[in-house]
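Okay, so here's the structure we're looking at.
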Amino acid sequence: MANVMQNRINAVLEVDQMQAIKDCINSLIELLPEAGNLTLTDDEKGQLASLDVDNKVFVEDVINECANNGAGIIPAVINPEFIKSDLRLFEQTDELHSMLTKALEVLENLRRIAASEAYGLSNVVYKIFAVAAASGIPNAQSSYEKLRARYKDNGSGGGATPQKAI
C-alpha cells in the first residue's frame, strides 16, 4: 500500500475553474460539424470502415489519381472533393482525438489519485475510531458504528479494499 500520509494532490477546482472547463468542453462539442446530430449504434460502429495507415495512403492515392487521370473516367456523380474534405476532417479530428486522449489521461490520473488519497486516509481515520471506541473514548463508538457500516456486508472487517473501482 502506498504511504497513506502522502498527499500528492491537495487541491480542488474553484467554481469558476470548473465552469470554465465545462464551458470549454461544451464549446468544443458545439464547434464540431453536426454536433449533437451524430449517433452511431454499435452495429454501425462495427460496419463503418476505419482509416488505418494503409487505408489512408489508399485514399490519398485515389485523390491524386482523380486529380491526374480522373477527367473522363470518374463519373460526375462522384465528387473527388468530397473525398478530400472527408480525409481532411479525419486528419483534423484525429489530431483533436490525440489531444483529448492526453487530456483524459491527465483527468483520469487526477481522479484516481484523489480517490485513492480520500479512500486511503478515510480507512486510517476509520481504524483510529475503531481503536478509540475499543478504548472507551467518548463519542468514538457512535462514529465507529456509523463508519463500520461500509464494511459490514463485504466481510473485510475494516480493510482498505474497495468493492468498486473508481
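At position 40 of the sequence shown the residue is numbered 771 (my numbering), and the sequence of numbers has no breaks. Just so you know, even glycine gets a beta-carbon here, dropped at the ideal spot from N, CA and C. Computed from a prediction, not measured in an experiment: that's the story for all the values here.
Within a 10 Å sphere around the beta-carbon of Asn757 sit fewer than 16 other beta-carbons, which makes this residue exposed. Straight through space, the alpha carbons of Gln737 and Val788 are spaced by roughly 50 Å. Your pair Pro811 and Gly803 does not check out as a contact, with CB atoms roughly 13 Å apart and the cut at 8 Å. Scanning the region 792-823 for uninterrupted beta strand (DSSP E) segments of 3 residues or longer gives nothing; none is fully contained. Residue burial annotation: Ser816 is exposed, with fewer than 16 other C-beta atoms found within 10 angstroms of its C-beta. Secondary structure of Ile868 (DSSP, three-state): coil. Annotation for Asn757: the continuous alpha helix (DSSP H) segment containing it runs Val746 to Leu762. As the crow flies, the alpha-carbon of Glu775 is around 39 Å from that of Val746. In the structure shown, Val784 adopts helical secondary structure according to DSSP, grouped into three states. A distance of 8 Å or more separates the beta carbons of Leu841 and Ile760. Between the region 868-884 and the region 761-772, the count of Cβ pairs shorter than 8 Å is below three; the stretches do not touch.
Cβ neighbours of Leu878 within its own chain (closer than 7 Å, five residues either side excluded): Tyr857 and Phe860. DSSP, reduced to helix, strand and coil, places Gln737 outside both helices and strands of the structure shown, so it counts as coil.
Ranking Ile814, Val784 and Asn786 by CA distance to the CA of Ala798 puts Ile814 first. Excluding its 5 nearest sequence neighbours in each direction, Leu744 has C-beta neighbours in its own chain below 8 Å: Ile752, listed in chain order.
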